[in-house]
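Protein sequences appear in the order of chains L, S and U.
If you read the first sequence in my numbering, its first letter stands for residue 129, the second for the next number, and so on.
If you read the second sequence in my numbering, its first letter stands for residue 388, the second for the next number, and so on.
If you read the third sequence in my numbering, its first letter stands for residue 5, the second for the next number, and so on.
Since the structure comes first, as structure tokens, the remarks are kept for the end.
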Amino acid sequence: MITFRVDRRSGTAVYAQLVQQVRQAVRVGRLAPGDRLPTAREVAERTGINPNTVLRAYRDLETAGLVEPRQGSGTFVRPSLPQPQVDVTALRQELAGWIGRARAAGLDLPDIQALVTDVAADQEESHTHAR
Amino acid sequence: MPAEIPSAAVAAEGVGHRFGDVPALRDCTFAVPPGAVVALLGRNGAGKTTLLRAVVGLLRPYRGRIRVFGEPAGAGVLPRIGYVAQQAPLYRMLTVEQTLRLGARLNPHFDAGYARRLVDAGPLPVTARVGALAAGQRARLALAVALGKRPDLLVLDEPLASLDPVARTEFVGALMAEVADRGTTVLMSTHVVADVQDVCDHVVVLGGGQVRLAAEVEPALAAHRLAVGAERDLGALDGLETIEVRRDGGEFTALVATAAPPDAGTVTWHRPTLEELLLGYLRTGAPHPSVEVSLA
Amino acid sequence: MTWLALRLLRPYLIVAGSVAAAATAYVLHAAGVVQRQLDRAGVPDCRDPNECYPSGGALNAVLGMELVAAFVPPLLGLILGVALFAREREEDTIAFVLTQSVPRERWVLTKLGWALAAGAACAACVATAHRLAGIRYTVLANDTYELLQLLHFNNAGYMVGQTVVLIALAAVLGLVTGRTLPTLVLTVIGGPFVVMAGGGVAVLLFYPLGVLTGGTDPAADGTAGTFADDMTAMDPFAYLAGAVLGAGAVALALLARRAGSRASR
């Protein structure tokens, strides 16, 4: 079963961290289809996270089609994962071009990272609000 | 949070109190929805303890009224409230076991088995005297007695202040498990923001005896921005609801209540962390955010 | 509730009980000392100071009995009353006990009730010993210890009244101030005034009663008569004063109930 680790200093909302960790675990195969996620109570007791936060993360994962709740027995990783085929190479090339422009404008690596995180967070949020 | 939700777990309306000539609370109005985990924040002397004591009916405020589950605070709702006062006071000469038995004697619906399980999970030595327990153990025992009441509302005054990191994690874990199990409403005070970061979903910020902010955490974060820029660009904040402005060597940092900051200019806008948001409100002197800032 | 009240009172009950037992034992012992002197002098039944005034150890024994009668009842009151609520507020255990599912008035009255009962029992023990075994000897040195006698009127009811009124007073002060030392100081300072006020009320009640029933004016008699007359004259007054003090204790208990419902911070 997955064990959550919350980074309290990251500035990322806790529920977003949980979502991200489940996605990551599924991606690397640590969570297989049919695996049960810990209950909100289990997570709450072990990590001291508000159970409502855990439930919210699970709801987000459910909406994303990653997990499904089963009546009375918990939340499980969905057997058939919708794996969107992405063209990583194209994205990578675009990003390389953009980073080149950022460098030329005088930004260093931490600046660039901060900018990426900020924009991503903004999009994440407008995404959340749109829903 | 609106001032009056009919089903509110706790609703304070215009609450004011003073000790002799010293004002402790002024016109405090807020509501706590059922099932919320609320952090009551404030600097030392902000009135947190006074407010919590009024909620559990230990103190009758001079002005205003407090309702708990729709009933006036006091003896009537006490069976539904679990309260742990600051430093978790318990009778020092009683043993752990006697303290649990006392809880059962003083509360008709006491769940002795549950309280005992919480104590055993500690684990606490049941034959030890309360006076011989470490602060963290005593806090855990006090929480066990409070939870043994199977309360709908848990009121905790600085519950984490005396705990070491391990005890803190255990205490919060036990607390959150209770919330998960029973949907208990929790109202806990603290002056350490980090303590409540992933615990609470609502915050009430007290300053100088007044409510500075009473809100749900996520929406509140989304509705604020931190502006950083050169002091001569302060004009960019004109017309915005500015909570706090701090200047430092020609630069300023301002907490602004806006979800959509203006695009233009050299001022950069960040989404505040919970800590930045709460510190902004904790530091501010004015009861309500001031609107005018133009100072350049 | 009662269990907790008695458990919390236990250390104070032990001290008060020990003091009362020691005082009672001392009175019985001191009475024996005086009687032995009378026996040696060949006048075992003498009760007239002009004929058999005690001397040496016997005089000290009389002084001891007077001191016991004058100061042990108030001391018992302080032992049982001062810490009653002051310490609970000081250590904030009151925030624990008053937030369980029990009305606070009941807690205040239960705790105070047991303290009053214990105080009355302890004081009654000392007072009865003094009345039954001591007084017949202390009259022999009446002139020497007249002032001390004004503190207890040789009357068991008055002595018990002193104890209970001090317990009730200390309880109220403890609830209001919330600190032990100020409670102790205020009780020691204020106690005599409350007791005297009780006595004053008794005098007001007694004079009309005495006149109505055709009795003698106790004050007039008191200066003129023998000590036995004094005692007879003072008795109704002292009983009345004891009753007034008892009533005062009850009134203070009710005040404590109100103070308990406001106790804060």
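From the three backbone atoms N, C-alpha and C, an ideal C-beta is built for every residue, glycine too.
The model shown is predicted, which means the values in this text are computed figures rather than measured ones.
Environment of residue i [buried if 16+ CB atoms lie within 10 Å]
i, result
"I18 of chain U", "exposed"
"H33 of chain U", "exposed"
"M480 of chain S", "exposed"
"R93 of chain U", "buried"
"H496 of chain S", "exposed"
"E196 of chain L", "exposed"
"S138 of chain L", "exposed"
"A228 of chain U", "The predicted model places A228 of chain U with a pLDDT of 39, which falls under 50 and marks its position as unreliable, so this point remains unresolved."
"N431 of chain S", "exposed"
"N54 of chain U", "exposed"
"E557 of chain S", "buried"
"M200 of chain U", "exposed"
"A160 of chain L", "exposed"
"A73 of chain U", "buried"
"T217 of chain L", "exposed"
"P78 of chain U", "buried"
"L185 of chain U", "exposed"
"Q199 of chain L", "exposed"
"E70 of chain U", "buried"
"Q153 of chain U", "buried"
Among the options, the one whose alpha carbon lies nearest that of residue i
i, options, result
"G461 of chain S", "S:L477, S:L439, S:Q474", "S:L439"
"G81 of chain U", "U:Q153, U:L42, U:Q166", "U:Q166"
"L194 of chain L", "L:M129, L:R151, L:A141, L:R229", "L:R151"
"D414 of chain S", "S:A426, S:L427, S:E400", "S:E400"
"G457 of chain S", "S:Y449, S:P421, S:A395, S:A521", "S:A395"
"R135 of chain U", "U:V86, U:A122, U:V164", "U:V164"
"F210 of chain U", "U:A242, U:G195, U:I193, U:R183", "U:A242"
"G652 of chain S", "S:P659, S:T671, S:R619", "S:R619"
"G535 of chain S", "S:S576, S:D582, S:T486", "S:T486"
"D250 of chain L", "L:R136, L:A144, L:T131, L:M129", "L:A144"
"L8 of chain U", "U:V101, U:I83, U:A201", "U:V101"
"L188 of chain U", "U:G202, U:L173, U:F197", "U:L173"
"F417 of chain S", "S:Y470, S:E662, S:A548, S:G451", "S:G451"
"V76 of chain U", "U:L249, U:T6, U:G123", "U:G123"
"P2 of chain U", "U:G21, U:L120, U:N158", "Limits of chain U in this structure are 5 at one end and 269 at the other, which puts residue 2 of chain U out of reach."
"L189 of chain L", "L:V205, L:M129, L:G162", "L:V205"
"L67 of chain U", "U:P196, U:L151, U:P48, U:L120", "U:L151"
Contact check, residue i vs residue j, beta carbons under 7 Å
i, j, result
"V424 of chain S", "V573 of chain S", "yes"
"V37 of chain U", "G60 of chain U", "no"
"V455 of chain S", "V397 of chain S", "yes"
"L593 of chain S", "G429 of chain S", "yes"
"A99 of chain U", "L445 of chain S", "yes"
"R599 of chain S", "Y668 of chain S", "yes"
"D588 of chain S", "N180 of chain L", "yes"
"V483 of chain S", "A521 of chain S", "no"
"T175 of chain L", "G202 of chain L", "no"
"V130 of chain U", "A27 of chain U", "yes"
"G246 of chain U", "Y162 of chain U", "yes"
"G85 of chain U", "A175 of chain U", "yes"
"S105 of chain U", "P466 of chain S", "yes"
"T629 of chain S", "A641 of chain S", "yes"
"V142 of chain L", "D585 of chain S", "yes"
"P538 of chain S", "I468 of chain S", "yes"
"P448 of chain S", "G596 of chain S", "no"
"A185 of chain L", "V147 of chain L", "yes"
"D382 of chain S", "L541 of chain S", "No information on residue 382 of chain S is available, as it lies outside the stretch 388 to 683 that chain S covers here."
"V579 of chain S", "A426 of chain S", "no"
"I83 of chain U", "A20 of chain U", "yes"
Cβ distance (whole Å) where residue i is taken to contact residue j below 8 Å
i, j, result
"A172 of chain L", "V566 of chain S", "7 Å"
"L412 of chain S", "T437 of chain S", "6 Å"
"T190 of chain U", "L170 of chain U", "Per the sequence shown, the amino acid found at residue 190 of chain U is Leu instead of Thr. The Cβ separation is near 11 Å, so there is no contact."
"A145 of chain U", "P58 of chain U", "6 Å"
"R670 of chain S", "E631 of chain S", "6 Å"
"G194 of chain U", "G252 of chain U", "Not a contact, Cβ separation roughly 12 Å."
"A564 of chain S", "G523 of chain S", "Contact flag wrong, Cβ pair sits at about 17 Å."
"P526 of chain S", "S549 of chain S", "Per the sequence shown, residue 526 of chain S should be read as Ala rather than Pro. Sure, about 6 Å apart at Cβ, within 8 Å."
"A232 of chain L", "I240 of chain L", "About 12 Å separates the two Cβ atoms, so there is no contact after all."
>> Quick check: the segment 254-265 of chain U against the segment 105-121 of chain U, are at least 3 beta-carbon pairs closer than 8 Å?
In response: yes
> Is there contact here, the segment 526-535 of chain S with the segment 485-492 of chain S, by at least three beta-carbon pairs under 8 Å?
Replying inline: yes
> Do the segment 598-616 of chain S and the segment 634-648 of chain S touch if we need at least three Cβ pairs shorter than 8 Å?
Replying inline: yes
>> With three or more C-beta pairs closer than 8 Å as the rule, is the segment 135-146 of chain U touching the segment 62-70 of chain U?
In response: yes
> Are there three or more Cβ pairs, one per stretch, closer than 8 Å when the segment 115-135 of chain U is compared with the segment 9-17 of chain U?
Replying inline: yes
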